[in-house]
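A.B. asks: Per full-length UniProt numbering, the very first residue in the sequence shown carries number 1; after that it's consecutive. Heads up, the beta-carbon is just placed ideally off N, CA and C, and yes, glycines get one too.
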Amino acid sequence: MSFQVQYYDKSGTLRPSTFSQQIEDQPTYLGDLLHTLWRERSAAINKEEHWARIYEKTPEFPTQLISDVNMFGKKRCQEGCKYTIELHCRKHISKMDGSYYHLPPLNANQSDATPGQRNYNNTSQNREQNLSPGPSPPRKQCYTLVNVHFKLLSSQFTTSSIVQKNFGVSACNTVERMVHQAQAYLDQKLFTLGSLTIQVAVVQTHPSRRQMQKSDQIEKQHSYDIFFAAQGTPMPASFFEIKLQAVGSKPTAAVFPQPLANPAPRPHVVTKKKEENLINYTRPMVSVAPTSKIKLSLSCPRKDCDQKEKTWQCVECKSPIYYGYDSYLYCELCGKLSPDDLTFKCSEHENYVPYDRTTLRTKLRKIKLSKNGC
């Protein structure tokens, strides 16, 4: 396990004293990690009051802010993880939330002693006294923090990643409410999509990946991707729409149609079941937009299915699957897919079937050759 310390002075400037260190004697809990850090820092820093935040990066997940200081005493340090600790001088922080941990100044005896001789008692009682969360500034009750990644989809595979932000919302809020707060945060950037009606899809990315409905509750310490797309862009079935207010326009009152006095009977209409051909995969790769693409059109790999060419959708988000003329397939929302990691299920049967590798690559090569006129 390793940790990196970033120290911000009274003006909020990152000091060059930032360092990384490998810990041989691994602490059990994050609270012990902070205790070790504060014991080893220089006396010049320890003479003042500071506030700390911890970010955790694991091999499976990107860097995440540990937003609840109450977790520091309960969350175990994990082997192979990297922890980034921010130390902030109290004077330059204008707004704090529950993710900041109070670090009181050390007394003269503790500051002047060498790191190995400082008078620290490893009992939990003394640790709580020296590293207690302390009096936090007033904040909303039931406050929760989520990690949100905003993405604009102006067209197929032209994704603009705006910002990754720790987004503060009150607990028990819904996805729809979080999206409206994100809309206010992005402000004029959404107008670059060229549409006053914006399609929105929300995907939970941590601790597990799943599509979110607008009425779903958001969860503390979870991470979400919010996709904003122009009207008409292929989106998963869980998407919903928001309206942008044009600059200088006045909101119009809602107009409800009057019911007919004697509505005419509607004829019975038989609707045909929508064809759904799905591609499943283990894990997508990092999405890089191909220089050109074409919607994938392939027959089902099952021999007892008709050999008509079909268009296919992603099993996760129901977005169309494209071929990028580069031996890979692409889902706009989920990423790049390797042909060796795919199974297919057309609307004629209920089980996923893999393609023979050689056959699939041969079919993709034929699509590429047809593009070049060969």
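For lysine 82, which residues in the same chain have their Cβ closer than 6 Å to its Cβ, ignoring the five residues on either side in sequence?
C.D. replies: Ser2, Lys57, listed in sequence order.
A.B. asks: Alpha carbon to alpha carbon, how far is tyrosine 281 from arginine 365? Give it in angstroms, no decimals.
C.D. replies: Cα-Cα distance, rounded: 21 Å.
A.B. asks: Taking the alpha helix (DSSP H) that tyrosine 185 belongs to, which residues open and close that run?
C.D. replies: It spans 175-186 - the alpha helix (DSSP H) in which tyrosine 185 sits, taken as one unbroken run.
A.B. asks: Could you name the residues of the same chain whose beta carbon sits closer than 6 Å to that of serine 238, not counting the 5 residues immediately before and after it, in chain order?
C.D. replies: Cβ within range, chain order: Gln211, Gln213.
A.B. asks: Once you ignore the five residues that flank threonine 197 on each side, which residues in its own chain have a CB closer than 7 Å to its CB?
C.D. replies: Cβ within range, chain order: Gln231, Glu241, Lys243.
A.B. asks: What residue does the alpha helix (DSSP H) around lysine 368 start on, and which one ends it?
C.D. replies: Per DSSP, lysine 368 belongs to the alpha helix (DSSP H) from 357-371.
A.B. asks: For proline 354, does the three-state DSSP call read helix, strand or coil?
C.D. replies: If DSSP states are grouped into helix, strand and coil, proline 354 belongs with the strands.
A.B. asks: Looking at methionine 285 and serine 319, is the spacing between their C-beta atoms short of 9 Å?
C.D. replies: Going by C-beta atoms, serine 319 is not nearer than 9 Å to methionine 285.
A.B. asks: Taking the CB atoms as reference points, tell me whether leucine 14 and tryptophan 51 lie closer together than 9 Å.
C.D. replies: Their beta carbons are not under 9 Å apart, which means leucine 14 does not touch tryptophan 51 by this criterion.
A.B. asks: Who are the Cβ neighbours of arginine 361 in its own chain at under 8 Å, not counting the five residues just before and after it?
C.D. replies: The residues are Ser327, Pro339.
A.B. asks: Measuring straight from C-alpha to C-alpha, what distance separates residue 434 and glutamine 204?
C.D. replies: Outside the displayed span of the chain (1 to 374) sits residue 434, for which this structure offers no information.
A.B. asks: To the nearest whole angstrom, what separates the beta carbons of serine 297 and threonine 311, a pair I think is in contact under 8 Å?
C.D. replies: Indeed they touch by this definition, with Cβ atoms about 6 Å apart.
A.B. asks: For leucine 342, list the residues DSSP reports as bridge partners.
C.D. replies: Tyr281, per the DSSP bridge assignment.
A.B. asks: Using DSSP with H/G/I as helix, E/B as strand and the rest coil, what is glycine 31?
C.D. replies: Of the three classes helix, strand and coil, the one that applies to glycine 31 here is helix, per DSSP.
A.B. asks: Can you tell me whether leucine 14 is helix, strand or coil according to DSSP?
C.D. replies: Here leucine 14 sits in strand by DSSP.
A.B. asks: Taking C-beta to C-beta, are valine 175 and glutamine 221 nearer than 9 Å?
C.D. replies: No, Cβ-Cβ distance for valine 175 and glutamine 221 is not below 9 Å.
A.B. asks: For proline 320, which beta-bridge partners are listed by DSSP?
C.D. replies: Paired residues: Gln313.
A.B. asks: On a Cα-Cα basis, can you pick out the residue from Ala229, Val179, Ser208, Tyr224 that is closest to glycine 194?
C.D. replies: Considering only alpha carbons, the answer is Ala229.
A.B. asks: For arginine 357, collect the residues of the same chain with a Cβ closer than 8 Å to its Cβ; drop the 5 residues on either side in sequence, then sort them by chain order.
C.D. replies: Cβ neighbours of arginine 357 beyond the five flanking positions: Pro339, Asp340.
A.B. asks: Which residue or residues does DSSP assign as beta-bridge partners of histidine 222?
C.D. replies: Paired residues: none, contrary to the question.
A.B. asks: Mapping the DSSP letters down to three states, classify phenylalanine 191 as helix, strand or coil.
C.D. replies: Here phenylalanine 191 sits in helix by DSSP.
A.B. asks: Between the C-alpha atoms of tyrosine 330 and phenylalanine 191, what's the straight-line distance to the nearest angstrom?
C.D. replies: Roughly 27 Å separates the two Cα atoms.
A.B. asks: Is the beta carbon of valine 200 closer than 9 Å to that of residue 392?
C.D. replies: Here the chain covers residues 1 to 374 and nothing more, so residue 392 does not appear.
A.B. asks: In angstroms, rounded to a whole number, what distance separates the CA positions of histidine 35 and histidine 102?
C.D. replies: Near 11 Å, if we compare the C-alpha coordinates of histidine 102 and histidine 35.
A.B. asks: Looking at leucine 333: is its Cβ nearer than 9 Å to the Cβ of methionine 235?
C.D. replies: Yes, the Cβ-Cβ distance between leucine 333 and methionine 235 is below 9 Å.
A.B. asks: Considering just the uninterrupted stretch of the beta strand (DSSP E) at alanine 201, what are its terminal residues?
C.D. replies: 197-206 is the span of the beta strand (DSSP E), which, as asked, contains alanine 201.
A.B. asks: Tell me whether serine 223 is buried or exposed, calling it buried when 16 or more other Cβ atoms sit within 10 Å of its Cβ.
C.D. replies: Under this definition serine 223 is a buried residue.
A.B. asks: How would you write the range of the beta strand (DSSP E) that phenylalanine 3 sits in, first residue to last?
C.D. replies: Phenylalanine 3 -> beta strand (DSSP E) spans 2-8.
A.B. asks: Can you look up leucine 37 in the DSSP assignment and give me helix, strand or coil?
C.D. replies: Leucine 37 falls in the helix class under three-state DSSP.
A.B. asks: Can you list, in chain order, the residues of its chain with a C-beta nearer than 8 Å to that of glutamine 313? Leave out the 5 residues immediately preceding and following it.
C.D. replies: So the list reads Glu276, Asn277, Leu278, Ile279, Ser319, Pro320, Ile321, once near-sequence residues are dropped.
A.B. asks: Quick check: the Cα distance between tyrosine 8 and serine 99, rounded to an integer number of angstroms?
C.D. replies: One C-alpha to the other measures close to 16 Å.
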